[in-house]
Every structure is written in structure tokens, then in C-alpha cells.
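*Asks:* Have a look at this one before I ask anything.
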Amino acid sequence: MILLGSGIGTFSSQTNYSTGNGSYPYWIRTGDFNNDSRLDIVVANYGANNIGVLLGHGNGTFSSQTTYFTGDESHPYSVVVGDFDNDKRMDIAVANYGTNNVGLFSGYGNGSFAKQILFSTGFDSHPFAMASGDINKDNTEDVIIVNNGYGNLVTLSKLC
């Protein structure tokens, strides 16, 4: 569901976009995935074992989602957006709760993505929530992961 702000503390009526029956969307982020200066959306579809990308038209509307498979029983829980491979294009990192890893989808800059590269977070770690930023001041975007199964934080620096 999307609610467009009015600028005076109210919102327009809602617009719904399907993520599919049984998809159970858990997390959402925005970024410019096709370099058109318009915000796009990525959603972690826990039940469907995929992420969905909806490209923005710049007027508050979006395309239907294009999905990217995250693996059988992966149950993607959260996503973060950034340039994780230093190619000046937006990428997506996804916490795959069910398979105990983080997947990196490298962006092509046109709204599409390469097949995910997997990074293990440890047996029964159940990565849950993520954030991103340059935490070690090396001019490279890092990913911080909360592992629900271990009760700890993990950082991934220079993913590619």
C-alpha cells in the first residue's frame, strides 16, 4: 500500500500493489535502481522466497513487481539498498532468514539485477534486520546484520 503525503500532515487515499498471494511481504526500501532520478521500491517477500522490485514512474505510481528468487525456503526478511560493489549502480542486499545467509543482487543500473551472490551468516543464525553505511571509513558501503538466532550483530565489509 502506498500513501502519498499532502504536505499538511495528511495522506491521499491508498494505492495497492500486489506482491502475490502468499508472498507475506516483510520489509521495504526505496532506491533509484534504473538511474532515472525516480524512487523505486524493493520488498522482501518472505512467503514467496523472492524480492520484488517495483520501478517508479515519478508521479506516485509504480510498475508491477519484477521478482528475483532468493532460494528455496530462504524466507527473505529484510533488505537494504546501496552501492555495495563500487560500480556506481544501486544494489540490493537481502537477509535470507531461512537459509542463514545474506544475498547480494548487483544492479545493472537499468532496473534489473544479477543473480544473487550468497554470504553465510552462520548455522542457525537467522539474519533478521539490516542496515548499511560506511562504518569503517573506507569509502565502501558496508552491511550490518542482526542475527536473531545468535543474538548478535555481524558486519560485512566490501561485499564484492
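Here this note's numbering = 1-based position in the sequence shown + 9. Glycine included, every Cβ here is placed at the ideal spot set by N, Cα and C. Treat the numbers as computed from the prediction; the structure is a model and nothing was measured.
1. How about residue 122 and residue 101: are their beta carbons less than 8 Å apart?
2. Going by beta-carbon coordinates alone, are residue 103 and residue 111 separated by less than 8 Å?
3. State yes or no: is the C-beta of residue 87 within less than 8 Å of the C-beta of residue 139?
4. For residue 35, I'd like the list of residues in its chain whose CB is within less than 6 Å of its CB, leaving aside the five on either flank, ordered along the chain.
5. How far does the beta strand (DSSP E) with residue 42 in it reach, from first residue to last?
6. Report the partner residues of residue 156 according to the DSSP bridge assignment.
7. Got a sec? Which residues, its chain only, sit under 6 Å from residue 23 by beta carbon, not counting five neighbours each side?
8. Whose CA, out of 134, 116, 163, lies closest to the CA of residue 94?
9. Looking at C-alpha atoms only, which residue of 109, 119, 145 is the closest neighbour of residue 79?
*Replies:* Well, looking at it:
1. In terms of Cβ geometry, residue 122 and residue 101 form a close pair [threshold 8 Å].
2. yes
3. In this structure, residue 139 lies closer than 8 Å to residue 87 by Cβ.
4. 53, 55, 86
5. It is not in any beta strand (DSSP E) - residue 42 carries neither H nor E in the DSSP assignment.
6. 136, 161
7. 10, 12
8. 116
9. 109
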